[in-house]
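Under the numbering used here, the first residue of the sequence shown is numbered 136, with each subsequent residue one higher.
Note that the Cβ used here is the ideal one computed from N, Cα and C, for glycine as well.
Beneath this line is the structure, given in structure tokens, with notes to follow.
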Amino acid sequence: MKYLSARRSAAALLVTPVALAGLAAVPAPALAAPNLSVALQTQFDFDDDGADCAVTFADNAPSKSLTDNGATVTQAWADTGTSVSDGNPADITDVAASTSIAMSATPIGAAGATIKGAARASASARPRLATSVCKADARAQSTASGTFVLAQPMWVTLSAQGSGHGAIQVAAGSMDGPAAVLAADRGTGTATALLPAGPHIVSVLVGAHATTVGRRAASYSGSFTIRLAPLGEASPVTGNGRSHVTLGARSCTSNTVAAGLTGKVKKAKKVVVEVNGAKAASFQGKKLKKRAFTVRAASRSKAQVTATITLRNGRTVSVSRSYLPCS
136 MKYLSARRSA AALLVTPVAL AGLAAVPAPA LAAPNLSVAL QTQFDFDDDG
186 ADCAVTFADN APSKSLTDNG ATVTQAWADT GTSVSDGNPA DITDVAASTS
236 IAMSATPIGA AGATIKGAAR ASASARPRLA TSVCKADARA QSTASGTFVL
286 AQPMWVTLSA QGSGHGAIQV AAGSMDGPAA VLAADRGTGT ATALLPAGPH
336 IVSVLVGAHA TTVGRRAASY SGSFTIRLAP LGEASPVTGN GRSHVTLGAR
386 SCTSNTVAAG LTGKVKKAKK VVVEVNGAKA ASFQGKKLKK RAFTVRAASR
436 SKAQVTATIT LRNGRTVSVS RSYLPCS
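Structure representation (structure tokens):
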């Protein structure tokens with residue numbers, strides 16, 4: 136078993152199919168309804184390098200299945216073993232590993248979905264003698280690997296964070312080049328990518344590594360979120376001017392954002408609407424009446440729409456809403 140080496144800095148990256156295969160050795164389930172199928176598994180690897188030493192340990196735990204039904208699935212396992220020198224039965228190294236992972240996914244539909252979870256891995260390799268010819272290694276990994284299907288293009292945002300001695304890596308997207316984040320030790324990572332409609336892979340790994348010739352005990356805890364969002368998705372409306380100006384949905388067909396002036400706008404002196412800091416619309420005088428209007432938003436850009444309302448008493452209020460790109 137190959138182990139993903141930890142890095143002290145987190146980075147957003149693209150991984151190749153070969154690298155992705157190293158994230159989780161669990162085969163991805165076949166595509167099936169519902170829209171997500173993932174196998175959760177705990178994996179251990181006890182090895183001895185460069186000496187005639189025999190390693191014994193139990194098997195890994197069977198995998199558990201996760202679908203996008205909102206339920207949390209948990210898998211946990213622990214194992215111990217020994218590495219014994221063939222030439223000296225008293226030369227024994229105790230190896231141990233434990234892992235746990237909990238993961239959930241909301242239904243994947245037109246409104247998007249959230250896949251999230253937390254995992255932990257710990258490993259140790261402790262020789263009983265002061266000097267041992269056995270160079271034992273213990274590796275622990277909590278993994279999740281599977282597939283999901285999108286009926287329409289969506290944005291995927293990955294975030295991961297962890298602490299300890301080890302690493303967490305999360306990937307989602309096409310097998311040819313998914314978006315991925317890696318966080319190690321006290322690291323964090325984020326990445327965003329546009330996914331086309333169709334099948335995609337998802338993979339999570341949290342791992343720790345201990346060795347008699349280095350760190351003899353290691354543990355790592357990590358958490359992650361995979362957010363699938365429709366094109367042009369709007370954030371909640373904020374600001375104290377919501378009773379004067381409404382900010383509606385973004386249209387990816389017309390590249391516009393729907394907005395409106397309410398009846399309370401009659402108490403205003405002026406209304407200025409900006410998109411990403413540039414003036415997009417202005418109303419004053421007789422134009423200050425209840426009405427619907429739209430403002431333009433470039434397809435490939437996020438849109439931050441802000442309306443500033445100057446009241447007749449000189450006080451200023453505002454309302455804002457942000458939107459994901461359409462392409």
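Drop a sphere of 10 angstroms on the beta-carbon of R447, count the other beta-carbons inside from all chains shown, and report buried for 16 or more, exposed for fewer.
exposed
Close-in-space but distant-in-sequence residues of the same chain around G398 (CB under 7 Å, 5 per side omitted):
K425
Can the beta-carbon of A326 be found less than 8 Å from the beta-carbon of A314?
yes
CA-CA distance, E409 and A416?
7 Å
Ignore the nearest five residues each way along the sequence and tell me which others in D214's own chain have a CB closer than 6 Å to its CB.
F179, F192, A193, A232
Is the beta carbon of G299 sitting closer than 8 Å to the one on D320?
yes
Limits of the unbroken beta strand (DSSP E) element including K405
403 to 410
Closest residue to L329 among G301, G357, A433, A364 (Cα-Cα distance)
A364
Give, in chain order, every unbroken run of the beta strand (DSSP E) that is at least 3 residues long and sits entirely within the region 351 to 416.
352 to 365, 380 to 386, 391 to 396, 403 to 410
Buried/exposed call for E348, threshold 16 Cβ in 10 Å:
Inspection of the sequence shows that residue 348 is occupied by Val rather than by Glu. So V348 ends up on the exposed side.
Just to confirm my understanding: we take T451, look at its own chain, exclude 5 residues before and 5 after, and list those with CB closer than 8 Å. What are they?
T443, I444, T445
Three-way DSSP call (helix, strand, coil) for K251 in this model:
strand
Give a yes or no on whether the C-beta atoms belonging to T429 and T391 are separated by under 8 Å.
yes
Option in R351, A237, R385, R261 with minimal Cα separation from V173:
A237
CB-CB length for Q210 against A196, believed under 8 Å
7 Å
In whole angstroms, what separates the C-alpha of R456 from that of A369?
7 Å
Can you give me the Cβ contacts of A384 inside the same chain, cut-off strictly under 7 Å, excluding the 5 residues immediately before and after it?
A369, A393
Rounded to whole angstroms, what's the CA-CA distance from N411 to T177? Just pull it up for me.
46 Å
Quick one: measure Cβ to Cβ for V454 and V400, integer angstroms, because I've assumed they're closer than 8 Å.
With a Cβ gap of about 11 Å, V454 and V400 do not count as contacting.
Confirm, please, whether the CB-CB distance from G301 to A353 is below 8 Å.
yes
Which residue or residues does DSSP assign as beta-bridge partners of P262?
T228
Of the residues G395, A438, R255, D229, which one's Cα is nearest the Cα of L423?
G395
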